[in-house]
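Number of protein chains: 2
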Amino acid sequence: MNARSGPHDAERVAAVLSRTSLFRVLEEDGIRDVARAGLSRRYRQGETILRQGDPGESLFVLLDGLAKVVFTTEHGAEIVLNMLEGGDVFGELALLDGSPRSASIVTTRPAWVFALPRARFVELIHEHPGLTDEFLRLLGRMVRRLTGQAADLAYLDLGGRLAKLLLRLADRNGRPGDVVDLPGLTQSDLAALVGATRPAVNRALQSLVAHHLIAVHGRTITLLDVAALRRRGGL
Amino acid sequence: MNARSGPHDAERVAAVLSRTSLFRVLEEDGIRDVARAGLSRRYRQGETILRQGDPGESLFVLLDGLAKVVFTTEHGAEIVLNMLEGGDVFGELALLDGSPRSASIVTTRPAWVFALPRARFVELIHEHPGLTDEFLRLLGRMVRRLTGQAADLAYLDLGGRLAKLLLRLADRNGRPGDVVDLPGLTQSDLAALVGATRPAVNRALQSLVAHHLIAVHGRTITLLDVAALRRRGGL
DNA sequence: GTCCGGATGTGGCGTTCGTCACAGAGGAAA
DNA sequence: TTTCCTCTGTGACGAACGCCACATCCGGAC
Chain G
1 MNARSGPHDA ERVAAVLSRT SLFRVLEEDG IRDVARAGLS RRYRQGETIL
51 RQGDPGESLF VLLDGLAKVV FTTEHGAEIV LNMLEGGDVF GELALLDGSP
101 RSASIVTTRP AWVFALPRAR FVELIHEHPG LTDEFLRLLG RMVRRLTGQA
151 ADLAYLDLGG RLAKLLLRLA DRNGRPGDVV DLPGLTQSDL AALVGATRPA
201 VNRALQSLVA HHLIAVHGRT ITLLDVAALR RRGGL
Chain R
1 MNARSGPHDA ERVAAVLSRT SLFRVLEEDG IRDVARAGLS RRYRQGETIL
51 RQGDPGESLF VLLDGLAKVV FTTEHGAEIV LNMLEGGDVF GELALLDGSP
101 RSASIVTTRP AWVFALPRAR FVELIHEHPG LTDEFLRLLG RMVRRLTGQA
151 ADLAYLDLGG RLAKLLLRLA DRNGRPGDVV DLPGLTQSDL AALVGATRPA
201 VNRALQSLVA HHLIAVHGRT ITLLDVAALR RRGGL
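So this is what it looks like as structure tokens:
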């Protein structure tokens, strides 16, 4: 467990990197360079990959698995800012300035993670202008997502935020607009994602079930009426 | 009114730019180049400098005055994401990707604004590596502010969010931790800043007054007990 | 199988805050 | 001055949701 990968993994790493929007722009050779410049490592479910407040000296790619981005306030309250899955990049923020990690990353499933040292990434930026553009696009998406999240918290009730969240999770989950089945994602996690308490989320889910918008079986949520969910989420 | 500035303004523009964290890194010559590469323009109070959804082809600097960043949801609800004052940069987001403006900018006082075309900014980035670093730092601060705002909306009640907001506004306003006097900033604006309704903000203000944390005279708010306000805001 | 710990489904109660409504205050225009 | 309009302060009512408490369910350890 948690052993660092040997060089034989480089090809598999490269394969995943070539599917990320950030590194796709590099030619095949460039991607191979990147894969060799970093290290990949495996994590068990529930491990903390990155702790809020730590110094940040690497850029990460979640090669496989599932993780959550957790922001902890001064009072210990936790809000989950985002879910990460295969191909997602994280740890970008600490590359901008030299600042400490602004959030923690915790696996919700076994994960395989690639880490690229900051210095190497800066070199790559200078060698490949296209990479800069993609990196900026990545940041743009992050800012947009955060502003949307703030607006949602201000102007949607819990049911609306939950509907929107389920649509987003289902989209990312494979079959578009169908099933949310993220093992390791409890109702407490959902609560932290929408900024509410666990019992409130439970009731909101039951309400959506009662109106035939979704069906819940164990930890699998099936979207029954996507159009109605969109309306519920203010779309 | 609204006349474009003549070339004689270039020096005054340069003087303000040299005080912004973004352009300060350029040498005196570089700043003069920047000042000549863009145009400055004046706006009356209440004018919209930038409309959400428009194509974004420039970077802006608020040289003088006061403005608010307004995000409008699909349903017409408005949230004020930030207040801008002299020396603040805005319109960065559209430079990242070619995407449309993600929010509107509306003056709350007469304002003097400098606009730098995207193409020129990109050239500058390539000529001055230090500028890239500062730009990334700027983005980092934006992301951090937004994540904090999201956490506040999720876990602070209205009184707490208001206390925090007043501390921030007073800080930026000159004398640290003393007086908030932003003409043109109504209680409706405060409401949009903390994600609440105007009557609720009024009551929260009255409550702070009743506990002697602040004093309100017209549109001037005086911070009486900064320590208690910090506690109220969860700091 | 039994035990146990975490996850889920509900109930009750109190507070916060949205919503609607209206009355007074202040400032700008005629 | 009067008029008008925006902003401010407040009341009443109800829905949403936090908080606390508890019963049930399920999966894993043994």
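Residue numbers (UniProt numbering), protein chains in the order written: chain G, 1 to 235; chain R, 1 to 235. Think of the CB as a built atom: it goes at the ideal place given N, C-alpha and C, for glycine as much as any other residue. Bear in mind that the values here come from a model prediction, so they are computed numbers and not experimental data.
- prompt: Sorted by chain position, which residues of the same chain lie with C-beta nearer than 6 angstroms to Leu-167 of chain G's C-beta, five sequence neighbours on each side aside?
  reply: Counting only Cβ-Cβ distances below 6 angstroms, and skipping sequence neighbours, we find Leu-229.
query: Where does Ser-21 of chain G land, buried or exposed, given buried means 16+ other C-beta within 10 angstroms?
result: So Ser-21 of chain G ends up on the exposed side.
- prompt: Can you list the residues of chain R that Glu-123 of chain G reaches, using a CB-CB cut of under 8 angstroms?
  reply: For Glu-123 of chain G, no chain R residue has a Cβ inside 8 angstroms of its Cβ, as the nearest lies near 13 angstroms away.
- prompt: Between the C-alpha atoms of Leu-95 of chain G and Asp-133 of chain R, what's the straight-line distance to the nearest angstrom?
  reply: If I take the Cα positions, the gap works out to 10 angstroms.
- prompt: Can you tell which of G:Gln-187, G:Ser-18, G:Val-216 and G:Ala-204 has its C-alpha closest to the C-alpha of Gly-87 of chain G?
  reply: When only C-alpha atoms are compared, the closest one is G:Ser-18.
task: Give me the Cα-Cα distance between Tyr-43 of chain R and Leu-190 of chain R, rounded to the nearest whole angstrom.
output: The straight-line gap from Cα to Cα measures roughly 22 angstroms.
field: Cβ-based burial, Arg-161 of chain G [other Cβ within 10 Å; buried from 16]
entry: Using a 10 angstroms sphere on the CB of Arg-161 of chain G, the tally of other CB atoms reaches 16 or more, which defines it as buried.
- prompt: Looking at C-alpha atoms only, which residue of R:Leu-81, R:Phe-135 and R:Ala-163 is the closest neighbour of Leu-213 of chain R?
  reply: Put simply, of R:Leu-81, R:Phe-135 and R:Ala-163 the residue whose alpha carbon is nearest the alpha carbon of Leu-213 of chain R is R:Ala-163.
query: Among residues of its own chain, excluding the 5 on either side of Gly-159 of chain G, which ones have a beta-carbon nearer than 8 angstroms to its beta-carbon?
result: If we look at Gly-159 of chain G and ignore the five residues flanking it on each side, its Cβ neighbours are Ala-204, Ser-207, Leu-208 and Arg-232.
task: For the stretch 31-55 of chain G, enumerate the residues whose C-beta is nearer than 8 angstroms to any C-beta of chain R, in chain order.
output: Answer set for the stretch 31-55 of chain G: empty.
- prompt: Given a limit of 8 angstroms on CB to CB distance, which residues of the stretch 73-106 of chain G reach chain R?
  reply: Among the residues of the stretch 73-106 of chain G, those with a Cβ less than 8 angstroms away from any Cβ of chain R are Thr-73, Glu-74, His-75, Ala-77, Ile-79, Leu-81, Leu-93, Leu-95, Leu-96, Asp-97, Ser-99, Ser-102 and Ala-103, in the order of the chain.
- prompt: Who are the near neighbours of Pro-117 of chain G in its chain, counting only those whose CB is closer than 6 angstroms to its CB and skipping five residues on each side?
  reply: Once the five neighbours on either side are set aside, the close Cβ partners of Pro-117 of chain G are Ser-58.
- request: Thinking Thr-107 of chain G and Leu-185 of chain G are a contact (beta carbons under 8 angstroms), I'd like their distance in whole angstroms, please.
  value: In fact, because the Cβ distance is near 12 angstroms, the residues do not count as touching under 8 angstroms.
message: When you compare the CB of Arg-137 of chain R with every CB in chain G, is at least one pair closer than 8 angstroms?
response: So yes, Arg-137 of chain R belongs to the interface.
message: Given a cut-off of 8 angstroms on the beta-carbon distance, is the pair Leu-93 of chain G and Val-143 of chain R in contact?
response: Cβ atoms of Leu-93 of chain G and Val-143 of chain R: closer than 8 angstroms.
query: Just checking my contact of Leu-235 of chain G with Glu-74 of chain R at CB under 8 angstroms: how many whole Å lie between their CB atoms?
result: The beta carbons of Leu-235 of chain G and Glu-74 of chain R sit about 7 angstroms from each other, so the pair counts as a contact at 8 angstroms.
task: Give the range of the alpha helix (DSSP H) segment to which Leu-17 of chain R is assigned.
output: Counting along the chain, the alpha helix (DSSP H) containing Leu-17 of chain R begins and ends at 10-17.
field: Among R:Met-83, R:Arg-24, R:Ala-10 and R:Leu-50, the one whose alpha carbon lies nearest that of Gly-91 of chain R
entry: Of the candidates R:Met-83, R:Arg-24, R:Ala-10 and R:Leu-50, the residue whose Cα lies closest to the Cα of Gly-91 of chain R is R:Leu-50.
- prompt: Based on Cα-Cα distance, which residue from R:Gly-38, R:Gly-53, R:Ile-125 and R:Ile-105 lies nearest to Leu-26 of chain R?
  reply: Ranked by Cα distance from Leu-26 of chain R, the first of R:Gly-38, R:Gly-53, R:Ile-125 and R:Ile-105 is R:Ile-125.
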